[in-house]
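So the protein sequences, as listed, match chains A and B. Residue numbering for the first sequence follows the numbering used here, beginning at 60 and increasing consecutively. Residue numbering for the second sequence follows the numbering used here, beginning at 125 and increasing consecutively. Where a beta carbon is used, it is the ideal one built from N, C-alpha and C, also for glycine.
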Amino acid sequence: MRSWTVPAALLAVALAYPFVFRSNFAINFGVLVLFFALIGQAWNIAGGFGGQLSFGHAVFFGTGAYCSTILQLKLGWNPWLGLGASAAAGALVGALIAALSFRFGLRGSYFALITLAFAEAFRILTNAVEFTGGGLGLLIPLKRGAANFQFDERIGFYYTILALTVLSIGIAVWLKHSRFGARLAAIRENEDAARALGIDTYREKVKVMALSGALCALGGTFYAQYYLYIDPTVAFGVDKSVEMLLVSMIGGTGTVYGPLIGSFLITLVGEYTRAVTNAQGLSLIIYGGLLILIIGFLPNGLVDLFKLRWRRKRRA
Amino acid sequence: MDATILGAAVINGLLLGGSYALVAVGLTLIYGVLHIINFAHGSMLMLAMYGAFFLLTKAKIDPYAAIPLMVVAMFAAGYVLYRGLIGRFSHGKDENILLITLGLSIVLENVALFFFTGDSQTITVSYSDRMVALGPALVPLPKLVSFVASLVLCAVLAWFIARTDTGRAIRAVAKERHGARLVGIDVEKIFAVSYGIGIACLGAAACLLIPSFYVSPSVGHLFVIVAFTIVVLGGMGSFVGALVGALIIGLTESLSGLFLGEALGQIGISLIFILILLFRPTGLFGGAR
Numbered sequence: 060m061r062s063w064t065v066p067a068a069l070l071a072v073a074l075a076y077p078f079v080f081r082s083n084f085a086i087n088f089g090v091l092v093l094f095f096a097l098i099g100q101a102w103n104i105a106g107g108f109g110g111q112l113s114f115g116h117a118v119f120f121g122t123g124a125y126c127s128t129i130l131q132l133k134l135g136w137n138p139w140l141g142l143g144a145s146a147a148a149g150a151l152v153g154a155l156i157a158a159l160s161f162r163f164g165l166r167g168s169y170f171a172l173i174t175l176a177f178a179e180a181f182r183i184l185t186n187a188v189e190f191t192g193g194g195l196g197l198l199i200p201l202k203r204g205a206a207n208f209q210f211d212e213r214i215g216f217y218y219t220i221l222a223l224t225v226l227s228i229g230i231a232v233w234l235k236h237s238r239f240g241a242r243l244a245a246i247r248e249n250e251d252a253a254r255a256l257g258i259d260t261y262r263e264k265v266k267v268m269a270l271s272g273a274l275c276a277l278g279g280t281f282y283a284q285y286y287l288y289i290d291p292t293v294a295f296g297v298d299k300s301v302e303m304l305l306v307s308m309i310g311g312t313g314t315v316y317g318p319l320i321g322s323f324l325i326t327l328v329g330e331y332t333r334a335v336t337n338a339q340g341l342s343l344i345i346y347g348g349l350l351i352l353i354i355g356f357l358p359n360g361l362v363d364l365f366k367l368r369w370r371r372k373r374r375a
Numbered sequence: 125m126d127a128t129i130l131g132a133a134v135i136n137g138l139l140l141g142g143s144y145a146l147v148a149v150g151l152t153l154i155y156g157v158l159h160i161i162n163f164a165h166g167s168m169l170m171l172a173m174y175g176a177f178f179l180l181t182k183a184k185i186d187p188y189a190a191i192p193l194m195v196v197a198m199f200a201a202g203y204v205l206y207r208g209l210i211g212r213f214s215h216g217k218d219e220n221i222l223l224i225t226l227g228l229s230i231v232l233e234n235v236a237l238f239f240f241t242g243d244s245q246t247i248t249v250s251y252s253d254r255m256v257a258l259g260p261a262l263v264p265l266p267k268l269v270s271f272v273a274s275l276v277l278c279a280v281l282a283w284f285i286a287r288t289d290t291g292r293a294i295r296a297v298a299k300e301r302h303g304a305r306l307v308g309i310d311v312e313k314i315f316a317v318s319y320g321i322g323i324a325c326l327g328a329a330a331c332l333l334i335p336s337f338y339v340s341p342s343v344g345h346l347f348v349i350v351a352f353t354i355v356v357l358g359g360m361g362s363f364v365g366a367l368v369g370a371l372i373i374g375l376t377e378s379l380s381g382l383f384l385g386e387a388l389g390q391i392g393i394s395l396i397f398i399l400i401l402l403f404r405p406t407g408l409f410g411g412a413r
């Protein structure tokens with residue numbers, strides 16, 4: 060029974076939240092928590108469950124954001140349709156980068172570097188060509204209506220991102236219990252041993268990168284529709300890659316709820332520092348410090364704190 | 125294509141490569157010994173550049189005269205940072221070092237943003253604007269000085285690693301850390317010393333760059349991806365490789381800018397980076413991993 064009480068309670072809280080806290084600020088806060096939880100989970104699926112440390116996940120985020128936006132602006136596609144297309148594009152880019160890197164046997168820090176290089180290449184490319192609006196970026200014209208992914212009320216965005224985040228957590232739960240997840244765990248712990256056991260490590264790693272890329276691209280499309288604007292630095296910049304990694308690392312990599320916890324904490328710190336001071340960069344100082352402290356003292360992330368309490372309670 | 129323009133682009137590319145080499149040699153030393161990627165390299169350079177900036181503006185010490193001071197100060201900073209933070213918090217896992225240096229770079233950059241604001245600062249010294257005719261190109265004197273200095277720095281480091289006792293210990297640890305420990309080398313200390321030397325190079329780099337460059341909290345970004353590319357291209361841990369790699373990258377940037385235009389020209393570096401990682405991750409001068 061215990062296995063579903065926590066997620067059910069969380070979901071109930073999330074569903075009720077916009078009715079309890081009705082202000083624009085509160086709903087925006089909820090949207091941000093869920094948005095970072097989504098892209099953090101996307102990173103976590105590759106970096107935590109798959110053990111493939113990426114420093115360039117923005118490449119998938121940006122692919123999603125640009126894919127749906129270009130389809131909408133140039134070909135008149137409905138953005139909901141674009142959401143599907145961008146997931147497919149994210150999966151494709153993920154599979155391609157993974158296929159290239161893993162075919163040539165890149166691991167660990169080398170893989171982190173090549174993802175960073177791909178994100179940079181995409182950023183420079185979108186910055187340089189006319190087709191993507193260049194450095195000025197793309198502005199999505201205002202056309203209100205839920206059918207157009209532009210809700211009159213913020214609450215519409217809230218439930219959309221909630222659905223996407225629940226999907227990402229659902230995938231993480233599935234990874235925890237499926238054979239695919241077990242194969243990934245084997246690869247993460249010892250790749251050579253996993254291969255010796257007969258696991259096709261190349262195929263599994265490409266699959267997990269495609270999955271992670273697709274989820275991350277969904278976040279990209281959501282971002283573009285929420286802010287109605289994207290540019291190369293926002294979409295493909297190092298900052299996005301680092302944000303996803305931070306959310307997941309601080310909450311707890313390779314865990315189902317780590318990214319959600321990390322995202323909640325990071326959004327809270329970010330909004331609080333913005334409210335009390337207008338000093339630039341204060342929130343980032345805290346994030347960076349948290350990252351160092353967590354690696355030093357809580358290597359499995361903040362999730363460990365909850366687990367400790369849980370265990371103590373059960374023993375008592 | 126006009127031969128003069130091409131010649132000038134080549135010379136400018138080589139000089140640019142010299143500046144990159146200054147930043148990359150320290151990174152390659154840290155990689156070669158610790159086998160980790162020091163993400164804080166760019167932000168440590170930024171700190172050193174602010175150091176050189178304030179030494180001139182507050183204490184009236186010329187950047188070139190400040191080199192010994194900055195080298196010692198940055199060595200101490202690197203040594204203490206490794207001993208007090210990186211080594212202690214990483215639990216011996218390479219991935220953790222990567223993430224700690226990332227966290228460190230976020231903290232350093234934003235602390236700088238907090239205290240120094242995001243504005244770019246430049247300095248003026250008597251020789252900032254002096255130009256020297258070099259074949260078809262007219263180049264600023266500070267760039268020529270930093271080019272020559274990058275050659276000297278590489279030579280000094282290569283000598284240090286090859287000929288001194290500490291250098292031998294560093295090579296021993298880089299090759300076989302358990303064996304090194306067995307023959308009585310204090311491995312943790314050598315790690316900290318190597319990290320300190322790598323960071324000390326940035327002290328020299330900062331003093332040489334500042335007369336012809338600007339400093340801002342995010343200045344490290346300009347160098348960090350380029351420096352990684354150079355280190356991988358040259359072969360991680362090889363000083364000659366870092367120098368040759370830096371010159372190749374400088375030329376690539378200058379020539380692709382000339383042929384592809386300013387915006388698209390930057391893609392040359394990323395493409396080289398991806399190709400070299402795929403086809404020869406040990407780099408041009410790197411041995412087997």
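State the beta-bridge partners of residue i as determined by DSSP.
i: residue 257 of chain B; result: B:262
i: residue 204 of chain A; result: A:209
i: residue 198 of chain A; result: A:288
i: residue 339 of chain B; result: B:245
Rounded to the nearest angstrom, how far is the Cβ of residue i from that of residue j, given a contact under 8 Å?
i: residue 99 of chain A; j: residue 322 of chain A; result: 5 Å
i: residue 303 of chain A; j: residue 350 of chain A; result: Not really, about 13 Å apart at Cβ, beyond 8 Å.
i: residue 325 of chain A; j: residue 305 of chain A; result: 7 Å
i: residue 345 of chain A; j: residue 362 of chain A; result: That belief does not hold up - the Cβ atoms of residue 345 of chain A and residue 362 of chain A are roughly 19 Å apart, past 8 Å.
i: residue 171 of chain A; j: residue 114 of chain A; result: 4 Å
i: residue 370 of chain B; j: residue 132 of chain B; result: Going by Cβ atoms, the distance from residue 370 of chain B to residue 132 of chain B rounds to 19 Å, so no, they are not a contact pair.
i: residue 257 of chain B; j: residue 135 of chain B; result: 11 Å between Cβ atoms; not a contact.
i: residue 253 of chain A; j: residue 103 of chain A; result: With a Cβ gap of about 20 Å, residue 253 of chain A and residue 103 of chain A do not count as contacting.
i: residue 188 of chain B; j: residue 331 of chain B; result: 6 Å
i: residue 107 of chain A; j: residue 268 of chain A; result: Actually they do not touch by this definition, with Cβ atoms about 13 Å apart.
i: residue 144 of chain A; j: residue 127 of chain A; result: 6 Å
i: residue 168 of chain A; j: residue 384 of chain B; result: About 30 Å; that fails the 8 Å criterion.
i: residue 294 of chain A; j: residue 279 of chain A; result: 7 Å
From this set, the options, which residue's C-alpha is nearest residue i's C-alpha?
i: residue 168 of chain B; options: B:155, B:337, B:329 and B:364; result: B:329
i: residue 234 of chain B; options: A:361, A:153 and A:348; result: A:348
i: residue 309 of chain B; options: B:321, B:292, B:320 and B:319; result: B:292
i: residue 182 of chain B; options: B:152, B:247 and B:400; result: B:247
i: residue 120 of chain A; options: A:147, A:83 and A:136; result: A:147
i: residue 142 of chain A; options: A:301, A:285 and A:311; result: A:285
i: residue 133 of chain A; options: A:192, A:264 and A:113; result: A:192
i: residue 198 of chain A; options: A:131, A:78, A:73 and A:340; result: A:131
i: residue 197 of chain B; options: B:173, B:250, B:230 and B:327; result: B:327
i: residue 334 of chain B; options: B:201, B:350 and B:194; result: B:194
i: residue 157 of chain A; options: A:145, A:366, A:227 and A:263; result: A:263
i: residue 253 of chain B; options: B:354, B:268 and B:284; result: B:268
i: residue 275 of chain A; options: A:228, A:200, A:80 and A:74; result: A:228
i: residue 266 of chain B; options: B:302, B:186, B:367 and B:153; result: B:186
i: residue 88 of chain A; options: A:280, A:221, A:63 and A:234; result: A:221
i: residue 204 of chain A; options: A:175, A:138 and A:317; result: A:138
i: residue 319 of chain A; options: A:357, A:300 and A:225; result: A:225
i: residue 94 of chain A; options: A:293, A:281 and A:358; result: A:281
i: residue 212 of chain A; options: A:81, A:266, A:365 and A:357; result: A:81
i: residue 336 of chain A; options: B:283, B:394 and B:238; result: B:238
Answer with buried or exposed for residue i, where buried requires no fewer than 16 other C-beta atoms within 10 angstroms of its C-beta.
i: residue 248 of chain A; result: exposed
i: residue 340 of chain B; result: buried
i: residue 164 of chain B; result: buried
i: residue 290 of chain A; result: buried
i: residue 182 of chain A; result: buried
i: residue 255 of chain B; result: exposed
i: residue 211 of chain B; result: buried
i: residue 64 of chain A; result: exposed
i: residue 322 of chain B; result: buried
i: residue 129 of chain B; result: exposed
Just checking residue i against the ligand COA - is the residue's beta carbon closer than 8 Å to any of the ligand's heavy atoms?
i: residue 135 of chain B; result: You won't find the ligand COA in this model; it holds no ligand whatsoever.
Inset, instruction - Would you be able to state if there are at least three C-beta pairs under 8 Å between the stretch 353-360 of chain B and the stretch 398-405 of chain B? - result: Flag = yes, the stretch 398-405 of chain B and the stretch 353-360 of chain B touch.
Inset, instruction - Check whether the stretch 125-139 of chain B touches the stretch 362-378 of chain B, taking contact to mean three or more Cβ pairs, one atom from each stretch, closer than 8 Å. - result: Below 8 Å, enough C-beta pairs join the stretch 125-139 of chain B and the stretch 362-378 of chain B to call them touching: three or more.
Legend entry - Meets three-Cβ-pair contact criterion under 8 Å: the stretch 144-160 of chain B and the stretch 315-323 of chain B: A contact is defined here as three or more CB-CB pairs under 8 Å, and the stretch 144-160 of chain B meets this definition with respect to the stretch 315-323 of chain B.
Legend entry - Any 3 or more C-beta pairs closer than 8 Å across the stretch 385-401 of chain B and the stretch 174-191 of chain A: With the cut-off at 8 Å, the stretch 385-401 of chain B and the stretch 174-191 of chain A touch.
Inset, instruction - Tell me, please, whether the stretch 66-86 of chain A touches the stretch 234-250 of chain A by the rule of three or more beta-carbon pairs shorter than 8 Å. - result: No: fewer than three Cβ pairs fall under 8 Å.
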